[in-house]
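Numbering (this note's numbering), first residue to last: 743 to 1230.
First up is the structure itself, then whatever we jot down about it.
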């Protein structure tokens, strides 16, 4: 599996703290979304957590309906502890800046910051998170370390000590959604694609033929705008399936400064040439055998923009996250005509030059919860995180929001009738977790991500030839790495 692993934590250093208290005080019902300055006059026991609207919308319920807050109380959280949500934008880069501003100023609330798995480590290294290994009860810590997806845990640990500094709220994995009915009507057998995806060339020809036969406007829709999602995820996946790597393989993803720069390698350039073929057809800097299946507009598209044509029934395939399965796999939408798999591939693992690349891949996304060291309600915030590490709470988040539980075993155990259509693809979710490719989540990543997505987007658009774009990028990344080596 494409991920680094850490050894077992030294649990002898753990400080036992009593788990969730049992006293209960009735709390007012009703949704609370806080967008302004929080903290002035807030009630005792109120814990403020940042989250985008998709999480904020399911934290509380109107009336007696299910909610995350109720699930936390049912898991044993004191009923005098209530989570208020400070609603933030969905854009990951903007959220990072907001989080950085609050923590650099030592400002709290927020008491809990919801951090992208791609930029949690920089805050850990700057000592702007509470060490959960030192503060969690031993049984809670053991459950998390033994049952959570290892790849998402890596994004929440201190890279040197291995201590846990954030609790994964939900991982996410990249999936290729496709209309099984359209592709099979075009003469292709998709049985087995879920956990054994075809080669890119086979997939591209199937999508082209299905689009033409069904009379659709789009073949494959995906995300290729110049933003974090391109560098962390969609290009990371495509590059990996070609046997390419940013820094010479998965073992180099979590340590910066002394690692090879390999973005100018042939496999990476071939991946870009394939995408150019998908976007432009046979033209300059493309690759024979790969038909035009993507609209040129993908170079401006993010997740929702790419999903819309597919959800409307006007595209054969869409690359997206688990929420898209939840949205398009219902009986009211495509039902079992929805096929789901990880990415097709061009180079097998055996053919790849670097370790743990090649073959199918699924980008690792997701969000972690970190307690602010500046909070004056750390104990309450820690109890909230402990309650999130509960099976029923994870299932509630899965059921209400379509977000994968960090303990992926729960997906296989759940019924589609209970948690929605994602459970129907439990074998694909498991395959995605085994082929997850993280982004290079070091303290340099925010800067390097911008360099990568700008260069790749330029190459996709044809504004720069792939070789030139990747050579320039390699030089920029080398300069970034050298600053770490030189202590700057």
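Glycine included, every Cβ here is placed at the ideal spot set by N, Cα and C.
Identified DSSP bridge partners for residue 1093: According to DSSP, residue 1093 bridges with nothing at all.
Where residue 1059 falls: helix, strand or coil (DSSP): strand
Cβ contact (3+ pairs, closer than 8 Å) linking the segment 874 to 894 and the segment 1062 to 1081: no
Distance between residue 968 and residue 988 (C-alpha atoms, nearest Å): 17 Å
Identified DSSP bridge partners for residue 792: 828
Paired residues, beta bridge with residue 1112 - DSSP: 855
Supposed close pair residue 1009, residue 985 - CB separation, criterion 8 Å: 4 Å
Simplified DSSP state of residue 1215, which is helix, strand or coil: helix
Ranges of the beta strand (DSSP E) found wholly within the segment 892 to 918, counting only runs of at least 3: 909 to 915
Sequence-distant residues of its chain with Cβ nearer than 7 Å to residue 1163 (five each side left out): 1067, 1068, 1071, 1072
From 864, 1037, 1003, residue whose alpha carbon lies closest to that of residue 845: 864
Candidates 1149, 1142, 1148: closest to residue 1158 by CA position: 1142
Alpha-carbon to alpha-carbon, residue 970 and residue 964: 14 Å
The beta strand (DSSP E) enclosing residue 1139, as first and last residue numbers: It is not in any beta strand (DSSP E) - residue 1139 instead sits in the alpha helix (DSSP H) that spans 1133 to 1143.
Neighbourhood of residue 939 by C-beta distance below 8 Å, restricted to the same chain and skipping five residues each side: 918, 945, 1083, 1084, 1085, 1086, 1087, 1102
Proximity test, residue 1099 beta-carbon vs the ligand GDP heavy atom, cut-off 6 Å: Here there are no bound small molecules, and the ligand GDP is not part of this structure.
Among 1133, 1020, 1035, nearest to residue 1204 - alpha-carbon criterion: 1020
Own chain partners of residue 1096 with C-beta closer than 6 Å, once the 5 adjacent residues on each side are dropped: 987, 990, 991
Closest Cα partner of residue 979 within the set 1207, 1215, 1217, 1180: 1180
Any 3 or more C-beta pairs closer than 8 Å across the segment 910 to 929 and the segment 947 to 954: yes
7 Å Cβ shell around residue 737 - same chain, five flanking residues per side excluded: Because the chain spans 743 through 1230 in this model, residue 737 falls outside it and cannot be assessed.
At least three beta-carbon pairs within less than 8 Å, the segment 1102 to 1118 to the segment 892 to 904: yes
Segment contact, 8 Å Cβ cut-off, at least three pairs: the segment 896 to 908 with the segment 844 to 862: yes
Where the beta strand (DSSP E) containing residue 960 begins and where it ends: 960 to 963
Other residues of its chain near residue 1144: CB distance less than 7 Å, five sequence neighbours each side excluded: 1064, 1065, 1068, 1162, 1164
Beta-carbon proximity check, residue 960 vs residue 1056, cutoff 7 Å: yes
Reduced DSSP secondary structure (H/G/I, E/B, other) of residue 920: strand
Span separating the alpha-carbon of residue 1011 from that of residue 1090: 17 Å
Beta carbon of residue 983 nearer than 7 Å to that of residue 1169: no
Beta-carbon gap between residue 972 and residue 1198 smaller than 7 Å: yes
Distance between residue 1106 and residue 1061 (C-alpha atoms, nearest Å): 13 Å
Coil, strand or helix - residue 1107 by DSSP: strand
Rounded straight-line distance, which links the Cα of residue 1026 to that of residue 1167: 39 Å
Residue interval of the alpha helix (DSSP H) (run including residue 972): Here residue 972 belongs to no alpha helix (DSSP H), and DSSP marks it neither H nor E.
Reference residue 1034; option with closest CA among 976, 1041, 1018: 1018
Candidates 1155, 1130, 1178, 1160, of which the one nearest residue 878 by Cα: 1130
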